[in-house]
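Notes to accompany the following structure.
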Amino acid sequence: MRKGNGEKRKDGLWTDAAKRFRKNKLAMAGLVMLAILILCALFANYIAPFHYDEQNLPAAFESPSLRHLMGTDNLGRDIFSRIIYGTRTSLSIALVAVLVATLAGGLMGAVAAFYGGVLDNVIMRFLDVFLAIPSTLLAIAIAAVLGPGVTNTVLAITIGQLPGLARIVRATVLSIKGEEYIRAARSIGAGNMRIIGLHILPNAMAPIIVQATLYVASAILSISSLSFIGLGIQPPTPEWGSMLSAGRAYIRDYWFIVAFPGLAIMATIFAFNLIGDGLRDALDPRLKN
Amino acid sequence: MEKDTLLAVRGLTIQYETDSGVVHAVNGLDMELRHGETLGLVGETGAGKTTAALGIMRLLPEPPAKIQSGEILFKGEDVLKKSDAELRSMRGKKVAMIFQDPMTSLNPVLTVGEQIAEVIQLHERKSAAEAHVKAQEMLRLVGIPPERFSEYPHQFSGGMKQRVVIAIALACDPELLIADEPTTALDMTIQAQVLELMRSLRKELNTSMILITHDLGVVAEMCDRVAIVYAGEIVEQGTAHDVFNDTKHPYTMGLFGALPDLEGSEERLHPIPGLMPDPTHLPEGCRFSPRCPKRTDACVQTLPKNVETVPGHSVRCLLYEHGMQG
Amino acid sequence: MHRYILKRLLMLIPVLLGVSLTVFALLYFSPGDVVDSIVAQGGVYSEEDAAQLREEFGLNKPFFIQYLSYIKGIVLHFDFGTSYLTKRSVTAEILDRFPTTVLLAVLGIGIAFAIGVPAGILSATRQYSMFDNIVTPISLLGVSMPGFWFGLMLIILFSVKLEWLPASGFYGPKYWILPALTIGFSAAAFIMRMTRSSMLEVIRQDYIRTARAKGQSERIIITKHALKNALIPIITSTGLQFGFMLGGSILAESVFAISGLGKLILDGIKARNYPVVQGGILFIAFVFSFVNLLVDVIYAYADPQIKSQYVRKRRRDK
Chain A
272 MRKGNGEKRK DGLWTDAAKR FRKNKLAMAG LVMLAILILC ALFANYIAPF
322 HYDEQNLPAA FESPSLRHLM GTDNLGRDIF SRIIYGTRTS LSIALVAVLV
372 ATLAGGLMGA VAAFYGGVLD NVIMRFLDVF LAIPSTLLAI AIAAVLGPGV
422 TNTVLAITIG QLPGLARIVR ATVLSIKGEE YIRAARSIGA GNMRIIGLHI
472 LPNAMAPIIV QATLYVASAI LSISSLSFIG LGIQPPTPEW GSMLSAGRAY
522 IRDYWFIVAF PGLAIMATIF AFNLIGDGLR DALDPRLKN
Chain B
57 MEKDTLLAVR GLTIQYETDS GVVHAVNGLD MELRHGETLG LVGETGAGKT
107 TAALGIMRLL PEPPAKIQSG EILFKGEDVL KKSDAELRSM RGKKVAMIFQ
157 DPMTSLNPVL TVGEQIAEVI QLHERKSAAE AHVKAQEMLR LVGIPPERFS
207 EYPHQFSGGM KQRVVIAIAL ACDPELLIAD EPTTALDMTI QAQVLELMRS
257 LRKELNTSMI LITHDLGVVA EMCDRVAIVY AGEIVEQGTA HDVFNDTKHP
307 YTMGLFGALP DLEGSEERLH PIPGLMPDPT HLPEGCRFSP RCPKRTDACV
357 QTLPKNVETV PGHSVRCLLY EHGMQG
Chain C
2 MHRYILKRLL MLIPVLLGVS LTVFALLYFS PGDVVDSIVA QGGVYSEEDA
52 AQLREEFGLN KPFFIQYLSY IKGIVLHFDF GTSYLTKRSV TAEILDRFPT
102 TVLLAVLGIG IAFAIGVPAG ILSATRQYSM FDNIVTPISL LGVSMPGFWF
152 GLMLIILFSV KLEWLPASGF YGPKYWILPA LTIGFSAAAF IMRMTRSSML
202 EVIRQDYIRT ARAKGQSERI IITKHALKNA LIPIITSTGL QFGFMLGGSI
252 LAESVFAISG LGKLILDGIK ARNYPVVQGG ILFIAFVFSF VNLLVDVIYA
302 YADPQIKSQY VRKRRRDK
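Residue numbers (the numbering used here), protein chains in the order written: chain A, 272 to 560; chain B, 57 to 382; chain C, 2 to 319.
Written out as structure tokens, the structure reads:
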């Protein structure tokens, strides 16, 4: 029990983690869902039966049918097609925003943790200011200032997520920095660059990737929230949150107008959460429940 | 079973069912403990000593652990057949346990006093105030000022924590104390103090004890009888005097050979070659045969039986089976 | 302990100054101002009138002068400025709305805690049981669900179809149920997951085995030994959730047409009524920071190791 089986331990961290990940049914389900979503985003124009902006007023408010799988909205647009196209909007904005936030926030956090002292203090106090505002509110405030639109939404989400990511990276790097093997590396004369590149970065990667995945989930939520209150993506660009916002008025009579876009948001967030959880279990088996 | 037998373990077999296969942790373990006696359970890390001890307490996490077969007779009653309620009234009261790592054995959010008083209140009809007094007595008994009752574990050093654990274990005057490597996690100097404390308390309270250790020096100091464990079974068992002076099993000989000799009669230590077998794939025949310097062809095929060479000294090795027959 | 709290309170000052500067700067440098939106709405016709309005609102003064007088007002008179539209004091507007938002958040946290903690404990102590296998995936769905959409679904079910509960407003307990569920459900799922993993971590610890070795019953082991340790991270996540709720109340208030702080800020944003927006955000940041401080203090009380750093050691206990 306490001893592992010697021969099987030759694989590296990543191959080992990949094996564990593949064994995790929920995580694999998340990966399949994500693959489908990505395909929808890439090939929306082939998959969607209608164009997202194709109006057909006589056919407004049609209930779900074979022709319109999820019904039509107040302008007679096919909800299913708009949801497929909406994948493109949400995924691209969320991925870009989290990527930028992870890189920029990660850099800030890593620099703060690695050099410590005054620099750490300055960076962290600066981030404290942003952390004092709940992230939804921060994104809303920034979106309010910048105005709606895709670029501004990306910016608002990035700034909203950056402080949290920076703090996570800082904590990760700090804990690695305190490990014996870093001292061991120093004791054999390794320089900063070598320590960062060879020891800190590879060891910090795993937790940061896990967190970034979970942050994509929360970015998807933020995008739709912003659009829902009229600050994010504007019509006619297909976006799930703004579809909900536009459909609200008809909630009394046509449930499908608001039901399906929300399900799409939920499914996407669910997929990223499943993958994030799976990655965490796979990369840090000690935490596995 | 003899009258003064307190604990008799027969054919105890425990496995862990894990993703990477079935781990055969304890394989047909037999041992016996008499009233007032201290038995040393000796073996390398991973030999199954802790699993056996937790099995006796019925504290194994089941699953993944599974007690396959055997019986554990404590005062003639089979522990494996007891109900949960019976087990609870046994634990802490009749059988107590001291764990290996004092740093993690105490609850960080409860004061040490509360943790001692808890076991007293569980098993003795005492009010909270009386339990408090008794807990303070126990603290004094293990050499901690009773005023430290309301302090938390993190305010104590490792050695002091282990004293607290000992106080918890002995608070209800158990008949059997199982000490699982109680000093392994401590500094050398503290080890001696804690062992001395355990020895004097054991004598004072007349508690029987199973002392799990991999340190033969500790055994020589503390134990009346010794059982040597290898790959989940006992390969040699007898009085400390017999096992030390008339060593039979090649593995036991190997353990002594790996000890430094203070008189310096030998140039160097003789560690046992090879490693403990993988408990998911135990070797056929004698488990020790792959590492045994006296191995014969028969050893690889036949699992040796337990042979009593002189009364009270038994060994599990083909060398002696054949000796008896021939 | 008092010194610790005082120190933390003092540390809040620069953070809140930073928040105020950031929010102020953000809004100052953003394109368009309230006069533009008044003009757009046809409230003012001529250029001169617009210029006069700007003068009146102090919008022509340099940035730092505006900022300093703003801060001075807050510090000296707890005055967050005057709403451009209603001409009322922002402080009064915020205080009017604040109880509603707090009530909503407290109800939400109450629901979240009441569902999340017991479900998490059951799930952890019965790992891989039927209950665990059902509740754990549901909780992951719960944290994945957009609260505002859940609110809309609740309206469809309970207001439109069943006609049990009102779909908008916040006038009494009957009105509270759906909004509180809306913000409470995701938080319940979050707290449940936190409780579960924290409990699973704790019940594997050696000291739980020690408690079993004493002959203690499982029920007491869970409630006394395990929960007390597991609660420490749960407290933190509950505090965080409360903060999220203050921020997320904007959405719930929008769905249920509740005139709380969130709605105030949102309306302010739309009308470029910046004093209200600034005041609202600053106020929420203040409450959020204060809740975090409270959480840290509770945390310090719950964890003897942290507590003893701040409390003078009581070596002799009598």
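We treat Cβ as the ideally placed atom computed from N, Cα and C, and that holds for glycine.
Exercise. Look at the alpha carbon of Arg-65/B and the alpha carbon of Val-98/B, and state the distance between them as a whole number of angstroms.
Key: A quick correction: the sequence has Val, not Arg, at residue 65/B. Distance from the CA atom of Val-65/B to the CA atom of Val-98/B, rounded to whole angstroms, is 16 Å.
Quiz item: Do you know offhand how far Asn-327/A's Cα is from Ser-496/A's?
Solution: In a straight line, the C-alpha of Asn-327/A is about 28 Å away from that of Ser-496/A.
Quiz prompt | Reduced DSSP secondary structure (H/G/I, E/B, other) of Phe-401/A | solution = In the three-state reduction of the DSSP assignment, Phe-401/A falls in the helix class.
Quiz prompt | Straight-line gap, Asp-325/C to Tyr-275/C (C-alpha atoms, nearest Å) | solution = Any question about residue 325/C goes unanswered here, given that chain C covers just 2 to 319.
Quiz item: Mind listing which residues of the segment 15-44 of chain C have their C-beta closer than 9 Å to chain A's C-betas, in chain order?
Solution: Cβ contacts with chain A: Pro-15, Val-16, Leu-17, Leu-18, Gly-19, Val-20, Leu-22, Thr-23, Val-24, Leu-27, Leu-28, Phe-30, Ser-31, Pro-32 and Gly-33.
Quiz prompt | Sub-9 Å separation of Gln-211/B and Ile-246/B beta-carbons | solution = Against a cut-off of 9 Å, the Cβ pair of Ile-246/B and Gln-211/B comes out as no contact.
Quiz item: What residues from the segment 147-160 of chain B come within 8 Å of chain C, judged by C-beta to C-beta, listed N to C?
Solution: Answer in chain order: Arg-147, Gly-148, Lys-149, Ala-152, Met-153, Phe-155, Asp-157 and Thr-160.
Practice problem: Measure the CB-CB distance between Arg-348/A and Asp-324/A and report whether it falls below 9 Å. | Solution: Contact: yes.
Quiz item: Going by DSSP, which residues form a beta bridge with Leu-232/B?
Solution: Bridge partners of Leu-232/B: Val-151/B and Ser-264/B.
Quiz item: When the Cα atoms are used, what is the spatial distance from Ile-522/A to Phe-132/C?
Solution: Each residue's alpha carbon lies about 34 Å from the other.
Quiz item: Does any CB atom of chain C fall closer than 9 Å to the CB of Ile-355/A?
Solution: Chain C, which has no Cβ nearer than 9 Å to the Cβ of Ile-355/A, makes this no.
Self-check item: DSSP bridge partner residues for Thr-69/B (one or two, in chain order)
Solution: Answer by DSSP bridge pairing, in chain order: Asn-83/B and Ser-125/B.
Practice problem: Just the C-alpha distance for Glu-57/C and Ser-84/C, rounded to the nearest angstrom, thanks. | Solution: Their Cα atoms are separated by approximately 12 Å.
Quiz item: Grouping DSSP H, G and I as helix and E and B as strand, with all else coil, what is Gln-211/B?
Solution: It is helical.
Quiz item: In angstroms, rounded to a whole number, what distance separates the CA positions of Pro-306/B and Gly-84/B?
Solution: So the alpha carbons of these two residues sit roughly 20 Å apart.
Quiz item: Which chain C residues are close to Tyr-376/B, counting only those with a beta carbon under 8 Å from its beta carbon?
Solution: Taking a Cβ-Cβ cut-off of 8 Å, Tyr-376/B has no neighbours in chain C, whose nearest Cβ is about 38 Å from it.
Quiz item: What three-state label does DSSP hand Ala-331/A in the structure shown?
Solution: Three-state DSSP puts Ala-331/A in coil, outside helix and strand.
Self-check item: Proximity winner among Ile-430/A, Leu-398/A and Asn-423/A, relative to Ala-409/A (alpha-carbon distances)
Solution: Checking the sequence shown, residue 409/A turns out to be Leu, not Ala. Minimum Cα-Cα distance from Leu-409/A among the listed residues Ile-430/A, Leu-398/A and Asn-423/A corresponds to Ile-430/A.
Quiz item: So which residues on chain B does Asp-304/C lean against when the C-beta distance must stay under 9 Å?
Solution: Simply Pro-164 and Val-165.
Exercise. Quick one: which residues of the segment 533-546 of chain A get their C-beta closer than 9 Å to a C-beta of chain C? List them in chain order.
Key: Those residues of the segment 533-546 of chain A placed with their C-beta closer than 9 Å to a C-beta in chain C are Gly-533, Leu-534, Ile-536, Met-537, Ala-538, Thr-539, Ile-540, Phe-541, Ala-542, Phe-543, Asn-544 and Leu-545, ordered along the chain.
Self-check item: Simplified DSSP assignment, three categories, for Phe-130/B
Solution: In the structure shown, Phe-130/B sits in a strand (DSSP, three-state: E or B).
Practice problem: Return no unless some Cβ of chain C is closer than 9 Å to the Cβ of Gln-218/B. | Solution: Closer than 9 Å: no.
Quiz item: Can you name, in chain order, every residue of its own chain whose Cβ lies under 8 Å from the Cβ of Pro-507/A, other than the five neighbours on each side?
Solution: Excluding residues within five positions, the ones whose Cβ falls inside 8 Å are Tyr-323 and Asp-324.
Quiz item: Within the 9 Å Cβ cut-off, does Val-278/C reach chain A?
Solution: Under the 9 Å criterion on CB atoms, Val-278/C is classed as interfacial with respect to chain A.
Exercise. May I have a chain-ordered list of the beta strand (DSSP E) segments no shorter than 3 residues that lie completely inside the segment 380-430 of chain A?
Key: List check, beta strand (DSSP E) in window: nothing returned.
Quiz item: Can a CB atom of chain C be found closer than 9 Å to the CB of Ser-53/B?
Solution: Examination of residue 53/B is not possible in this model, given that chain B is present from 57 through 382 alone.
Exercise. Report the rounded CA-to-CA distance for Ala-109/B versus Asp-236/B, giving the unit in angstroms.
Key: Between the alpha carbons of Ala-109/B and Asp-236/B lies a gap of roughly 8 Å.
Quiz item: What does Ser-145/B reach in chain C if we use C-beta pairs closer than 7 Å?
Solution: Within chain C, the C-beta atoms nearer than 7 Å to that of Ser-145/B come from Gly-216, in chain order.
Exercise. With DSSP as the reference, label Thr-352/B as helix, strand or coil.
Key: Three-state result, Thr-352/B: coil.
Quiz item: By DSSP, does Val-487/A sit in helix, in strand, or in coil?
Solution: The answer is helix: DSSP assigns Val-487/A an H, G or I state.
Quiz item: Hey, out of Ser-498/A, Arg-519/A and Ala-542/A, whose CA is closest to Thr-360/A's CA?
Solution: Residue nearest to Thr-360/A within the set Ser-498/A, Arg-519/A and Ala-542/A is Ser-498/A (criterion: CA-CA distance).
Practice problem: Go through its chain and collect everything with a Cβ distance to Val-487/A's Cβ below 6 Å, but skip five positions before and after it. | Solution: Contacts found: Ala-365, Val-369 and Phe-543.
Practice problem: Compare the C-beta of Trp-165/C against all C-beta atoms of chain A and say whether one is closer than 9 Å. | Solution: No, no contact with chain A.
Self-check item: Ser-516/A burial status per 10 Å Cβ neighbour count (16 or more: buried)
Solution: Burial call: buried.
Quiz item: Relative to the C-alpha of Leu-310/A, which residue among Leu-346/A, Leu-337/A and Gly-357/A is closest?
Solution: Shortest Cα-Cα distance from Leu-310/A to any of Leu-346/A, Leu-337/A and Gly-357/A involves Gly-357/A.
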